[in-house]
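Read through the structure below, which is laid out as structure tokens, and then see the notes.
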Amino acid sequence: MDFLNAVVALTNFVLIPAIAYGSQLALGALGVTLIYGILRFSNFAHGDSMAFGAMVTILVTWWFQSMGVSIAPLPTALLALPFGIVGTGLMLLATDRVVYRFYRRVKAKPIVFVMASMGVMFIMNGLVRFVIGPDDQRFADGARFIISARDFKEWSGLREGLAFKTSQGLTIVTAVIVVAALFWFLNKTRTGKSMRAFSDNEDLALLSGINPERVVMITWMIVAGLITIAGVLYGLDKTFKPFTYFQLLLPIFASAIVGGLGNPLGAIAGGFVIAFSEVGVTYAWKKVVTYLLPESLAPSSLVQLMSTDYKFAVSFVILIIVLLFKPTGLFRGQSV
Amino acid sequence: MSQSIRTPLMFALVALLFILQGSTDWWIFAGSWNASLAILNMALVSAVMALGVNLQWGYAGLFNVGVMGFVALGGLATVLVSMPPTPGAWSAGGFKIIAGLVLGAATIVLMIWQFKHMTKGRRRNLIMLATLIAGFFLFRWIFDAGVAGVEAVNPAQTGYLGGLNPGGQDNYRAHGYMTLLAWPVGGLLAAGAAWIVGKTALGLRSDYLAIATLGIAEIIVAIIKNEDWMARGVKNVIGLPRPVPYEVDLQRSADFVAKADALGMNVTTASTIAVKLSYSVLFTVVLIVLIVLAQLSLHSPWGRMMRAIRDNEVAAQAMGKNVTGRHLQIFILGSALCGLAGAMMTTLDGQLTPGTYQPLRYTFLIWVMVIVGGSGNNLGAVLGGFLIWFLWIQVEPIGYWAMTLVTSGLADGSALKTHLLDSAAHMRLFSMGVILLLVLRFSPRGLIPEK
């Protein structure tokens with residue numbers, strides 16, 4: 000019985016949150032990796048673009064809510080998502096047109112792109128704060144739980160409850176669908192293949208008649224989809240606050256590099272590696288350990304390896320270890 | 000326009016902005032010398048930071064996005080040096096904390112030794128893992144006991160180890176020179192952190208250094224926020240000693256009052272201006288010394304080598320230059336300048352408030368200064384520091400003015416008008432982004448280009 004309780008506690012506090020968070024990171028890291036593969040720079044505006052996508056979705060959600068449109072038990076935000084994606088896509092295409100295209104033409108060094116993306120980051124950040132403000136925003140509605148802790152306790156008779164939030168279930172299902180669709184697109188369609196060709200060898204792709212501007216445009220559209228979905232899911236699961244999205248930049252970059260920059264499969268693996276280490280290291284294991292050990296050995300402390308405030312340190316340390324020992328990442332990414 | 004005319008002209012224009020701020024309340028200007036000097040002091044500090052970033056970016060092409068972390072380390076140094084030691088804190092657990100930290104460091108060194116000197120294979124990995132686990136738990140056991148002891152010492156007032164000020168709790172303000180000693184210490188702390196980052200991330204792709212520095216900055220600020228035994232964390236350390244006189248003392252001194260009367264000034268205003276001016280003089284001396292050093296180094300063989308490396312790494316390597324080694328050297332130097340500036344800033348504020356360290360303000364704004372001023376040119380970076388800091392402060396009144404103009408057609412009290420006027424404060428980030436992109440696109444060499 001105690002063993003079952005331990006398993007339930009572990010699932011409730013570690014596995015489910017880490018899988019949901021990992022899916023969100025993976026979606027974000029896929030965006031970073033795609034931009035890196037096709038446009039060949041690390042996009043510092045990524046986190047703030049994510050906030051922008053979530054913001055557009057939230058505004059449309061509020062509009063729907065005010066009209067009484069709802070798809071309960073699912074959150075209304077899901078209905079608003081396509082609008083958010085289109086809005087973000089237009090925004091990203093506009094930034095590409097106004098900012099990045101010029102540097103592509105003059106064949107600027109990657110670091111100049113990074114710097115330009117820093118300017119875009121400022122603008123996006125200012126824009127989001129300007130429209131929606133710097134504070135927390137609530138936009139989740141619909142059923143809160145798929146399985147609530149009390150129902151689970153009654154059903155199983157265990158002491159530990161297992162709560163499975165709608166936002167978590169939604170995150171996992173959406174992430175699986177999106178990733179499957181993306182891989183189908185990259186591997187099976189003509190456009191997807193041309194994107195991979197462009198990422199592998201730009202000169203060869205140009206020689207075989209691939210239109211680079213078209214590839215870039217499609218990349219931005221896909222990235223808009225990925226980051227809006229990731230941003231909205233993160234907002235539903237935790238909370239929407241513009242500054243948190245900026246801070247997500249570090250774990251997202253870490254996921255992409257750990258997996259191997261430019262490698263989509265690596266981005267997904269990296270997202271889960273980072274999420275599981277972050278949750279695992281900052282979780283207070285006392286409950287699980289108490290169930291597993293005999294009473295006399297029960298720990299008196301929290302058995303927490305690091306306080307939650309240091310969760311960024313976890314992604315950073317993993318990043319440093321990977322940079323030191325395997326700079327191309329776990330799944331051979333592009334050159335160092 | 001030749002550079003020899005352009006540089007003084009640009010500086011004169013920026014000086015004019017500060018003079019207008021002090022003398023007239025026309026348009027967006029405040030018309031107060033106090034306000035003008037407050038901006039000037041922070042601008043001087045920002046100029047030192049910009050010099051540091053320019054050293055890294057302008058001389059060597061290194062992209063450091065962790066300025067905030069190095070600045071925060073400088074601030075920490077100010078507390079660690081200039082505050083008095085907390086009575087009883089060392090015996091309550093201070094030594095245990097130090098022992099724990101030494102043990103933690105020893106574990107890492109031991110692991111590095113094992114990695115380098117043992118034969119590859121599963122046995123080495125297992126031994127390293129065992130060392131890590133044993134070392135970690137031993138570290139936490141000793142360290143946590145020490146932390147609990149120190150933080151229990153009068154937590155409402157102190158609850159931290161305190162610094163090295165010889166004056167003790169009651170008389171530490173008399174030893175204001177201690178804050179000056181803290182400035183180089185801040186530089187040293189930042190240099191140490193830079194060495195760790197540089198060792199791992201230099202020599203890889205240029206974006207990797209950016210991401211690694213972004214990470215280390217977040218971690219440094221997280222540590223300062225959470226390790227209460229060090230500098231009280233988010234409870235803040237206030238009332239740091241000053242290297243300059245206090246306003247109240249000036250107002251009490253008969254000599255000063257007589258001088259203020261002779262100038263026909265209100266004594267309170269005169270005292271605040273005198274204090275701010277003393278800071279300005281201190282900071283200006285530091286800035287001028289640094290500019291001279293930076294200019295000398297730029298025109299020395301060392302500076303030429305750095306630029307040769309920046310412009311063509313492969314060619315420089317072929318000439319026998321150790322590119323990664325030079326990069327590490329200049330990365331440490333630049334970060335040390337940021338640390339020094341951080342210590343100066345905390346001295347100016349008179350308090351350490353870890354909650355206020357924001358990357359957009361302390362990292363990315365400094366970058367805007369360097370790019371706008373002219374990367375690769377020390378005077379350009381300094382000019383950028385003055386100009387952008389002035390704009391950063393003044394964008395709010397400008398934004399409010401612009402918003403009032405835009406919304407003048409709307410009815411008073413309408414929701415949109417209130418929202419737009421309230422959001423004028425967020426114009427800061429937006430306008431800095433626009434300035435950065437415009438300069439990068441149309442004048443990538445900045446206001447005062449590199450020669």
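The listed protein sequences correspond, in order, to chains A and B. When the letters of the first sequence are read in order and numbered with numbering that gives the first Met the number 0, they come out as residues 0 to 335. When the letters of the second sequence are read in order and numbered with numbering that gives the first Met the number 0, they come out as residues 0 to 450. Note that CB positions come from ideal geometry on N, CA and C, so glycine has one too.
Candidates the options, of which the one nearest residue i by Cα
i, options, result
"residue 128(A)", "27(A), 48(A) and 171(A)", "48(A)"
"residue 50(B)", "377(B), 325(B) and 35(B)", "377(B)"
"residue 431(B)", "290(B), 384(B) and 24(B)", "384(B)"
"residue 34(B)", "54(B), 273(B), 248(B) and 188(B)", "273(B)"
"residue 227(B)", "186(B), 196(B) and 154(B)", "154(B)"
"residue 217(B)", "413(B), 379(B) and 68(B)", "68(B)"
"residue 134(A)", "238(A), 1(A), 319(A) and 260(A)", "238(A)"
"residue 336(B)", "99(B), 244(B) and 43(B)", "43(B)"
"residue 185(B)", "102(B), 19(B) and 344(B)", "344(B)"
"residue 88(B)", "437(B), 203(B), 156(B) and 291(B)", "156(B)"
"residue 438(B)", "137(A), 307(A), 178(A) and 114(A)", "114(A)"
"residue 214(B)", "315(A), 32(A) and 71(A)", "315(A)"
"residue 187(B)", "358(B), 338(B) and 102(B)", "338(B)"
"residue 79(A)", "138(A), 296(A), 265(A) and 93(A)", "138(A)"
"residue 45(A)", "184(A), 91(A), 83(A) and 13(A)", "91(A)"
"residue 3(A)", "30(A), 287(A), 102(A) and 328(A)", "287(A)"
"residue 159(B)", "29(B), 224(B), 137(B) and 124(B)", "224(B)"
"residue 293(B)", "5(B), 143(B) and 52(B)", "52(B)"
"residue 323(A)", "428(B), 111(B), 129(B) and 133(B)", "111(B)"
Cβ-Cβ separation, residue j to residue i (assumed contact under 8 Å), whole Å
i, j, result
"residue 210(B)", "residue 41(A)", "7 Å"
"residue 88(A)", "residue 194(A)", "With a Cβ gap of about 16 Å, residue 88(A) and residue 194(A) do not count as contacting."
"residue 363(B)", "residue 121(A)", "7 Å"
"residue 386(B)", "residue 406(B)", "Not a contact, Cβ separation roughly 28 Å."
"residue 174(A)", "residue 25(A)", "6 Å"
"residue 365(B)", "residue 47(B)", "That belief does not hold up - the Cβ atoms of residue 365(B) and residue 47(B) are roughly 10 Å apart, past 8 Å."
"residue 226(A)", "residue 52(A)", "5 Å"
"residue 102(B)", "residue 137(B)", "6 Å"
"residue 436(B)", "residue 328(A)", "That belief does not hold up - the Cβ atoms of residue 436(B) and residue 328(A) are roughly 31 Å apart, past 8 Å."
"residue 241(B)", "residue 283(B)", "Not confirmed; about 17 Å, so no contact."
"residue 113(B)", "residue 121(B)", "Incorrect: roughly 13 Å between the Cβ atoms, too far for contact."
Residue burial classification, residue i (beta-carbon count within 10 angstroms, cutoff 16)
i, result
"residue 426(B)", "buried"
"residue 334(A)", "Because the pLDDT of residue 334(A) is 46, which lies under 50, any placement of that residue in the model is unreliable, and the number read from its coordinates should be weighed accordingly. So residue 334(A) counts as exposed."
"residue 2(B)", "exposed"
"residue 207(B)", "buried"
"residue 212(A)", "exposed"
"residue 298(B)", "exposed"
"residue 26(B)", "exposed"
"residue 170(B)", "exposed"
"residue 331(B)", "buried"
"residue 75(A)", "buried"
"residue 203(A)", "exposed"
"residue 165(A)", "buried"
"residue 187(A)", "exposed"
"residue 147(B)", "exposed"
"residue 391(B)", "buried"
"residue 18(B)", "exposed"
Any non-hydrogen atom of the ligand NAD within 8 Å of residue i CB
i, result
"residue 101(A)", "Although the ligand NAD was asked about, the structure shown includes no ligands whatsoever."
- Item | Length-filtered (4 minimum) alpha helix (DSSP H) runs lying within the region 260–296 of chain A | 263–281 and 285–291
- Query: Would you say the region 59–78 of chain B touches the region 347–358 of chain B, given that touching needs at least three Cβ pairs under 8 Å?
  - Reply: yes
- Task: Pair every Cβ in the region 249–256 of chain A with every Cβ in the region 266–274 of chain A, then say whether three or more of these pairs are closer than 8 Å.
- Result: yes
- Completely contained beta strand (DSSP E) runs for the region 34–61 of chain B, where each covers 3 or more residues: none
- Just checking, does the region 302–321 of chain B make contact with the region 80–99 of chain B on the three C-beta pairs under 8 Å criterion? no
- Any 3 or more C-beta pairs closer than 8 Å across the region 275–282 of chain A and the region 2–21 of chain A: yes
- Are at least three pairs of beta-carbons, each pair with one atom in the region 249–257 of chain B and one in the region 278–289 of chain B, less than 8 Å apart? With fewer than three CB-CB distances shorter than 8 Å, the region 249–257 of chain B does not count as touching the region 278–289 of chain B.
- Task: Run through the region 83–119 of chain A for me and flag every whole alpha helix (DSSP H) of 4 or more residues, listed as ranges in chain order.
- Result: Runs of the alpha helix (DSSP H) lying entirely within the region 83–119 of chain A, each at least 4 residues long, are 100–104 in chain order.
- Task: At 3 residues or longer, and completely inside the region 160–229 of chain B: list those beta strand (DSSP E) runs for me, N to C.
- Result: none
- Message: Quick check for students: name the residue ranges of the alpha helix (DSSP H) that lie wholly in the region 119–195 of chain A, counting only runs of 4 or more.
- Response: 148–155 and 165–187
- Query: Are the region 52–61 of chain A and the region 289–301 of chain A touching, with three or more C-beta to C-beta distances below 8 Å?
  - Reply: no
- Query: Are there three or more Cβ pairs, one per stretch, closer than 8 Å when the region 103–113 of chain A is compared with the region 177–186 of chain A?
  - Reply: no
- Task: Output the residue ranges of the beta strand (DSSP E) runs that lie fully inside the region 244–305 of chain B and measure 3 residues or longer, sorted by chain position.
- Result: For the region 244–305 of chain B, not a single whole beta strand (DSSP E) run of length 3 or above is found.
- Give a yes or no on contact between the region 112–126 of chain B and the region 56–63 of chain B, applying the rule of three or more CB pairs nearer than 8 Å. no
- Task: Scan the region 59–137 of chain B and note each continuous alpha helix (DSSP H) run of 4 residues or more that stays entirely inside, going in chain order.
- Result: 66–81 and 94–116
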